[in-house]
Amino acid sequence: MGPGGATALAIEGATAAQPGQPPHAELAAEVKRTLAEPATPELQKSVDPDDQPLYASRKKIYPQNVSGTFRRLKWAMLVVGLGIYYFLPFVRWDRGPNAPHQAVLIDLPGRRLYFFFIEIWPQEVYYLTGLLIIAAMTLFLMNALAGRVWCGYLCPQTVWTDLYIAIERWIEGDRRNHLKRDRQGWTFDRAARAASKHFWWLMIAWWTGGAWVLYFADAPTLVKNLATFQAPLVAYAFIGMLTFTTYALAGWMREQVCIYMCPWPRIQAALTDEYAFNVTYRYDRGEPRTSLKKAAALHANGQPAGDCIDCLQCMYACPSGVDIRTGPDVACIQCGLCIDACDAVMAKIGRPTRLIAYDTDVNIERRRQGLAPIYKIVRTRTVLYAVIITVIAAVMAYTLATRRNDGVNVIHDRNPLFVRLSDGAVRNGYAVHILNKTLETQRFALKISGLPDADVEVMGSESRSNGDPVIDVGPDQSREVRVLVTTHQRLEPEASIPLTFTVVSSEGAVAASAADHFLGP
Amino acid sequence: MDDRNKQRDAPETQVGTTGHEWDGIHELNTPLPRWWLWLFYATIVWAIGYWIVYPAWPLLSSYSNGVINWHSRAAVAADLAALQAERGPMMARLAQASLQEIESTPELLDFARALGGRAFADNCAPCHGAGGGGAKGYPNLVDNDWLWGGTLADISQTITHGVRSGDDQGHQGSMPAFGRDGMLKRDDIISVADYVRSLSGLATTPGADLARGAKIFADNCAVCHGPQGKGNHSVGAPNLTDQIWLYGPETKTIIDGVWNGHGGIMPAWGAKLDGVTIKALTVYVHTFGGGE
Numbered sequence: 001m002g003p004g005g006a007t008a009l010a011i012e013g014a015t016a017a018q019p020g021q022p023p024h025a026e027l028a029a030e031v032k033r034t035l036a037e038p039a040t041p042e043l044q045k046s047v048d049p050d051d052q053p054l055y056a057s058r059k060k061i062y063p064q065n066v067s068g069t070f071r072r073l074k075w076a077m078l079v080v081g082l083g084i085y086y087f088l089p090f091v092r093w094d095r096g097p098n099a100p101h102q103a104v105l106i107d108l109p110g111r112r113l114y115f116f117f118i119e120i121w122p123q124e125v126y127y128l129t130g131l132l133i134i135a136a137m138t139l140f141l142m143n144a145l146a147g148r149v150w151c152g153y154l155c156p157q158t159v160w161t162d163l164y165i166a167i168e169r170w171i172e173g174d175r176r177n178h179l180k181r182d183r184q185g186w187t188f189d190r191a192a193r194a195a196s197k198h199f200w201w202l203m204i205a206w207w208t209g210g211a212w213v214l215y216f217a218d219a220p221t222l223v224k225n226l227a228t229f230q231a232p233l234v235a236y237a238f239i240g241m242l243t244f245t246t247y248a249l250a251g252w253m254r255e256q257v258c259i260y261m262c263p264w265p266r267i268q269a270a271l272t273d274e275y276a277f278n279v280t281y282r283y284d285r286g287e288p289r290t291s292l293k294k295a296a297a298l299h300a301n302g303q304p305a306g307d308c309i310d311c312l313q314c315m316y317a318c319p320s321g322v323d324i325r326t327g328p329d330v331a332c333i334q335c336g337l338c339i340d341a342c343d344a345v346m347a348k349i350g351r352p353t354r355l356i357a358y359d360t361d362v363n364i365e366r367r368r369q370g371l372a373p374i375y376k377i378v379r380t381r382t383v384l385y386a387v388i389i390t391v392i393a394a395v396m397a398y399t400l401a402t403r404r405n406d407g408v409n410v411i412h413d414r415n416p417l418f419v420r421l422s423d424g425a426v427r428n429g430y431a432v433h434i435l436n437k438t439l440e441t442q443r444f445a446l447k448i449s450g451l452p453d454a455d456v457e458v459m460g461s462e463s464r465s466n467g468d469p470v471i472d473v474g475p476d477q478s479r480e481v482r483v484l485v486t487t488h489q490r491l492e493p494e495a496s497i498p499l500t501f502t503v504v505s506s507e508g509a510v511a512a513s514a515a516d517h518f519l520g521p
Numbered sequence: 001m002d003d004r005n006k007q008r009d010a011p012e013t014q015v016g017t018t019g020h021e022w023d024g025i026h027e028l029n030t031p032l033p034r035w036w037l038w039l040f041y042a043t044i045v046w047a048i049g050y051w052i053v054y055p056a057w058p059l060l061s062s063y064s065n066g067v068i069n070w071h072s073r074a075a076v077a078a079d080l081a082a083l084q085a086e087r088g089p090m091m092a093r094l095a096q097a098s099l100q101e102i103e104s105t106p107e108l109l110d111f112a113r114a115l116g117g118r119a120f121a122d123n124c125a126p127c128h129g130a131g132g133g134g135a136k137g138y139p140n141l142v143d144n145d146w147l148w149g150g151t152l153a154d155i156s157q158t159i160t161h162g163v164r165s166g167d168d169q170g171h172q173g174s175m176p177a178f179g180r181d182g183m184l185k186r187d188d189i190i191s192v193a194d195y196v197r198s199l200s201g202l203a204t205t206p207g208a209d210l211a212r213g214a215k216i217f218a219d220n221c222a223v224c225h226g227p228q229g230k231g232n233h234s235v236g237a238p239n240l241t242d243q244i245w246l247y248g249p250e251t252k253t254i255i256d257g258v259w260n261g262h263g264g265i266m267p268a269w270g271a272k273l274d275g276v277t278i279k280a281l282t283v284y285v286h287t288f289g290g291g292e
């Protein structure tokens, strides 16, 4: 029995069960056509192996619209995710007079990163390291719990592709209408719809690129400058690049990105285990597949028949063109749309839903053996990921909460390490770097301890307070000064005396310090 | 259907095979996506476009220029011009301000030290050391002993016109070769060397006749180095009474200097560097710490 015949029967079965539904004859014909085409060229057995094509063309996918839990979840994620992306640059945040008023701003020329109440300097790039570790561990944890959650719901490639597919359906129709239009050849109607679709795709792509650059400058000003062609060339260049990549990747490449370009499917395949929830066809329940009528006949004879009626709705709903019933697939992004599609069919034919569901390998096997399913959320890997995430997040939160608004770094002169003055005194030179992360000018007093009765001189700064040199550092700035320490005392040969450089702000509340040495001949 | 084709579906993977088989190992047929091939063609098209737009092909006496007439030399010039434009306002302030004003204005001082530091590394460091620490015969610029004066004006003058550089306004005068030119006898020079060491409190040869050395010093050396040996900035004569030695304090080194003389050369940088850079260099050297 060929698979095409079985499918046709299955659809007829569905028609019989649910009279008054959409034209099933047409659907059945389409199924036959689909199955009449060889799935992949290499299955054409009559071709000589050395004459086979070396390249496979992309098969255009016409994903069918579905409704259900996971579709609603995906819409919610899309609206929230894109909403944040497109509008976040316009959120204002008052930091006072000496800082920008944009909540999220990557100020590359000023070398500052602003994120609501957080301001990061370049030397604090370790926060980025922490974020990346947390991101990776969260990805791993999501994978250990429920497979490719990232791929199915959160990945920008998925979200934008989903949006592009929605536009495609809106203009060119859902799967069946779109297929029908494409088969009719190039009519004016089809051309007009295609043009309209690409226009909207490009508009979205352009807005995507436009939103990107707003994170790097004051958003309202940049929008005005972009509109009046006053913006820097680099802004237009980045908008152009992101317009192109969004349009190409979400409009044309789609599942090809996931299958061929993305490393995560391979990585996650190595990270997953038998206890991870994955979108799975429950073959323990579905097999053998057969039509409603045949299933009834088989049951009457006391023979087994599965719940799957081979209607292929799961395959038609899939944005990657995967048949979930063949098992785990590198192309499957686990978006759950096949679950919605199958649930709709199961509900119509009066069988229990979730023939395709989030399930674990171990439970499918246990059910087959008549055992009760077991769930192990707490496993070595989930605990380990959660602990790493918690520790890194706690360390970051602690360092952010106790982040100093001042700082001092000292670099000893390398050439010469010391210098003998004409009266025999020994002098060391230092580059002292003082940081002021507050938004007001700060006056710091420099104290050097470790070498009593040493002269401390700051080049270019005559002012002193209680005998200590004072240095003004502007708001949100750092300043490097040259500091000379001179001693007249007799030093041991090859002396190396530990020194502590302390800067005390005029408020005197906090003091930052750094250690160095005083070297002698 | 031959045997070969029967093996085309590997049961383990459910992926078709190419039919190639070696010792029971089948080659899975996983063709590249066709757009991959298009990318390859796109790189070829890109390369052709690149040949047309940019300089690419060597010709007999020249090369293909490219339609936008791009040159790496012009790109460097444009980058430098952009740098000058960016620095413009600060450079103008630096040009206007006096050396004293630069040192007393923190932002001008920071800018001048940054600018001077680069110029020093490019031009001065080969002789004076990366941090101005000097070397034998090349003065240490960090200490507070100066041959030709350590005020801002003196340093600016020395940098601009050099020392024995051939520049009309450069510093002249050198240590004569007293021994080689027959002005002093060998034992006179040995005596005066001991006397010179005694000026800064260094140990002298046991039994040395310091009084004789003093007499020889007064007759021959004091005219430049001063009666007390304190030196003279106007002729570049070093102070012999302090702890700092350009060539070294060893008796042998001093004898060698008196016998053969000294006359190191510093180029006149005014001919090579612009005025603002020399200002920045002056401030940079002055703020090494020894400036007067």
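Protein chains in written order, with the numbering used here: chain A, 1 to 521; chain B, 1 to 292.
Just so you know, even glycine gets a beta-carbon here, dropped at the ideal spot from N, CA and C.
Note that the coordinates shown come from a computational prediction; the quantities given were computed from them, not determined experimentally.
Nearest-angstrom beta carbon gap, residue j and residue i [assumed within contact, 8 Å]
| i | j | result |
| --- | --- | --- |
| L141/B | V258/B | Incorrect: roughly 25 Å between the Cβ atoms, too far for contact. |
| L400/A | R285/A | With 8 Å as the limit, L400/A and R285/A do not qualify as a contact, their Cβ atoms being about 50 Å apart. |
| I255/B | A193/B | 5 Å |
| P89/A | A235/A | So it is not a contact: roughly 13 Å between Cβ atoms. |
| D340/A | A317/A | 7 Å |
| R34/B | Y55/A | 4 Å |
| L28/B | V15/B | 5 Å |
| H225/B | L240/B | 6 Å |
Closer than 7 Å: residue i CB and nearest the ligand ATP heavy atom
| i | result |
| --- | --- |
| P206/B | Looking for the ligand ATP in the displayed structure turns up nothing, as the structure carries no ligands at all. |
Buried versus exposed call for residue i [16 or more other C-beta atoms within 10 Å across all chains shown]
| i | result |
| --- | --- |
| D274/B | exposed |
| G302/A | exposed |
| N278/A | buried |
| H488/A | exposed |
| I159/B | buried |
| P38/A | For P38/A, the predicted model reports a pLDDT of 45, less than 50, meaning its position is unreliable and no value from the coordinates is stated. |
| I411/A | exposed |
| P58/B | exposed |
| I324/A | buried |
| L47/B | The residue you asked about is not Leu; residue 47/B is Ala in the sequence shown. A47/B is exposed by the Cβ-count criterion. |
| I333/A | buried |
| S291/A | buried |
| M261/A | exposed |
| T390/A | exposed |
Any C-beta of chain B under 8 Å from that of residue i
| i | result |
| --- | --- |
| V419/A | yes |
| R489/A | Correcting the residue identity first, residue 489/A is Gln in this sequence and not Arg. No, because no Cβ of chain B sits closer than 8 Å to the Cβ of Q489/A. |
| S67/A | no |
| G460/A | yes |
| Y375/A | no |
| R381/A | no |
| Y55/A | yes |
| P97/A | no |
| Q52/A | yes |
Chain C contact residues for residue i, given Cβ-Cβ distances below 8 Å
| i | result |
| --- | --- |
| W35/B | Reference to chain C is not applicable here, since the protein chains of this structure are A and B. |
CB contact below 8 Å: residue i versus chain A
| i | result |
| --- | --- |
| T282/B | no |
| T43/B | no |
| L32/B | yes |
| N29/B | yes |
| G24/B | no |
| G213/B | no |
Just by C-beta distance, which residues in the region 232–254 of chain B are closer than 9 Å to chain A?
-> N239, T241, D242, Q243, I244
Interfacial residues, the region 126–159 of chain B to chain A, with Cβ spacing under 9 Å | G129, A130, G131, G132, G133, G134, N140, V142, D143, N144, D145
Please name the residues in the region 472–486 of chain A whose beta-carbon is closer than 8 Å to at least one beta-carbon of chain B, in chain order.
-> D472, R479, E480, R482, L484
Taking a Cβ distance cut-off of 8 Å, strictly less, list which residues of the region 87–116 of chain B are near chain A, in chain order.
-> E103, S104, P106, L109, D110, R113
Please go through the region 361–399 of chain A and give each complete alpha helix (DSSP H) segment of 4 or more residues, from N-terminal end onward.
-> 361–368
Going along the chain, which unbroken runs of the beta strand (DSSP E) with 3 or more residues stay wholly within the region 395–445 of chain A?
-> 406–412, 426–436
Can you give, in chain order, each stretch of the alpha helix (DSSP H) that sits fully within the region 273–359 of chain A and has at least 4 residues?
-> 283–286, 292–300, 313–317, 337–349
Scan the region 423–439 of chain A for residues whose Cβ lies nearer than 8 Å to a Cβ of chain B and list them as they occur along the chain.
-> D423, G424, R427, G429
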